[in-house]
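Written out below as structure tokens is the structure these notes cover.
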Amino acid sequence: MTQKTKINYLLQAGLIIFFLLPLLFAGCSAPEKRLEKKRLTLVYRLQSGLESEIKELRLEHPIEISREQVMNHLLSLYYEELSLMGKGKYVFSPNDALEITPLVTKALNRIKANTILYYEVDTPHGTTAGSIFRAKGKIHWRFKIIKGSDFANSSFPGHRGSTWRLVPRGGQSFRQIKNLFGSRVQENWIVSGLDLPAKSQRSLRSRSSQKSSRDASPAPKRKRTESSSTDQGELEKRLQFLKGLRDKELIDDNEYERKRKELLDQFL
Numbered sequence: 564m565t566q567k568t569k570i571n572y573l574l575q576a577g578l579i580i581f582f583l584l585p586l587l588f589a590g591c592s593a594p595e596k597r598l599e600k601k602r603l604t605l606v607y608r609l610q611s612g613l614e615s616e617i618k619e620l621r622l623e624h625p626i627e628i629s630r631e632q633v634m635n636h637l638l639s640l641y642y643e644e645l646s647l648m649g650k651g652k653y654v655f656s657p658n659d660a661l662e663i664t665p666l667v668t669k670a671l672n673r674i675k676a677n678t679i680l681y682y683e684v685d686t687p688h689g690t691t692a693g694s695i696f697r698a699k700g701k702i703h704w705r706f707k708i709i710k711g712s713d714f715a716n717s718s719f720p721g722h723r724g725s726t727w728r729l730v731p732r733g734g735q736s737f738r739q740i741k742n743l744f745g746s747r748v749q750e751n752w753i754v755s756g757l758d759l760p761a762k763s764q765r766s767l768r769s770r771s772s773q774k775s776s777r778d779a780s781p782a783p784k785r786k787r788t789e790s791s792s793t794d795q796g797e798l799e800k801r802l803q804f805l806k807g808l809r810d811k812e813l814i815d816d817n818e819y820e821r822k823r824k825e826l827l828d829q830f831l
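For the sequence shown, the numbering used here gives the first residue as 564, with consecutive numbering after it.
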């Protein structure tokens, strides 16, 4: 190969690379659109870059949903802690829901067909994060973290490493993944219609109870009596559960006595 031929060859190769580079970069995923405001972060994420469980879905976007509908969903989402002393709790407080509803609603109404909405909410108890999208006429709420606790980053036995799971309520159900061995329930994934069958009364109930406590002086005493009765029933239920663990030899006598003392100290 002559010197001139080599030069021509290198020039041609350089031109090819020059024209191919923009195409290669164009093929890369575009930067995620991100909005950060106070305690809320919203990100549009491409469906093609997500897990197969979401990739296989046919998304129905944008989502025509009102603020009232979004607020009702946020106030209705419920979960339970998977521990001996665990309790059922709402995912979002009324203040959280009031603050994030306008931006979440706007984002869902503008979401594109090939993206899902990922969000992070900073709460006093830790970050809550997850994804929202629509498929098969249903809205999907898939949680990654609730109040600082990752769904798959703990070691509670019997629950695939999670310390919490969602609790479906009226009009809600778990997402089920079907495979060769049957179906598997996703306990961090709630599916429901855009319109829930009942409207959450949490905020109204809260205001009502605050007003009654200010206006009625005998109320605290009666409430304390009712609370004592409820606590007694809860104590008996937990002691029975603890005794069952010992009878099944899931805990030893020392652990039983230690947990029993903790329960008595808490409720008495």
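The beta carbon of each residue, even a glycine, is placed where N, CA and C say it ideally should be.
* In three-state DSSP terms, what is V748? -> strand
* Asked: By DSSP, does S763 sit in helix, in strand, or in coil?
  -> coil
* Within the segment 651 to 679, note down every full alpha helix (DSSP H) run reaching 4 residues or more, in order along the chain. => 657 to 673
* To do: Using alpha carbons as the reference points, say which of S656, L680 and A676 lies closest to P687.
  => S656
* To do: Could you name the residues of the same chain whose beta carbon sits closer than 8 angstroms to that of R823, not counting the 5 residues immediately before and after it, in chain order?
  => L802 and L805
* **Proximity below 8 angstroms, CB of E616 to CB of I740** => yes
* K822 - DSSP class collapsed to helix/strand/coil -> helix
* Asked: Quick one: what's got a C-beta closer than 8 angstroms to P665's C-beta in the same chain, skipping five residues either side?
  -> R630
* Check whether E643 and W727 have beta carbons under 8 angstroms apart -> yes
* D816: buried (16+ other C-beta within 10 angstroms of its C-beta) or exposed? -> exposed
* Asked: If Y682 and G700 are in contact, beta carbons under 8 angstroms, what's the gap, nearest whole angstrom?
  -> No, Y682 and G700 are not in contact; Cβ-Cβ is about 22 angstroms, not under 8 angstroms.
* Consult DSSP for F804 and reduce its assignment to one of helix, strand or coil. => helix
* With a cut-off of 8 angstroms on the beta carbons, I'd call L521 and L598 a contact; round off their distance for me. => Here the chain comprises residues numbered 564 to 831, so residue 521 is not present and cannot be evaluated.
* **Closest by C-alpha distance to L609, when choosing among R621, N677, V633 and L671** => N677
* Hey, is Y607's beta-carbon within less than 8 angstroms of any beta-carbon in chain D? -> Here chain D cannot be found, since the structure has a single protein chain.
* Sub-8 angstroms separation of I702 and I695 beta-carbons -> yes
* Looking only at C-alpha atoms, which of I679, P731 and L798 sits nearest to K618? -> I679
* Asked: According to DSSP, what are the bridge partners of D685?
  -> T690
* Asked: CB-CB under 7 angstroms to A670, same chain, minus the five flanking residues each way: which ones, in chain order?
  -> L605 and L680
* Using the beta-carbon count (16 or more within 10 Å), is A660 buried or exposed? -> buried
* Roughly how many angstroms separate the alpha carbons of Q735 and L759, rounded to a whole number? -> 8 angstroms
* Asked: Can you give the beta carbon distance from L620 to A698, rounded, assuming they're within the 8 angstroms contact cut?
  -> 4 angstroms
* Which partner residues does F696 have in the DSSP bridge list? -> H703
* Check each candidate in F706, Q795 and D685 and name the one with the smallest Cα separation from S725. => F706
* Asked: Any idea if R738 is buried or exposed, counting beta-carbon neighbours within 10 angstroms, 16 or more meaning buried?
  -> buried
* **Sequence-distant residues of the same chain with beta carbon closer than 8 angstroms to I628, five excluded per side** => T668, L671, N672, I702 and L757
* With 16 other CB atoms within 10 Å as the buried threshold, where does E820 fall? -> exposed
* To do: Closer than 6 angstroms by C-beta to R809: which residues in its own chain qualify, once you throw out the five before and the five after it? Chain order, please.
  => Y819
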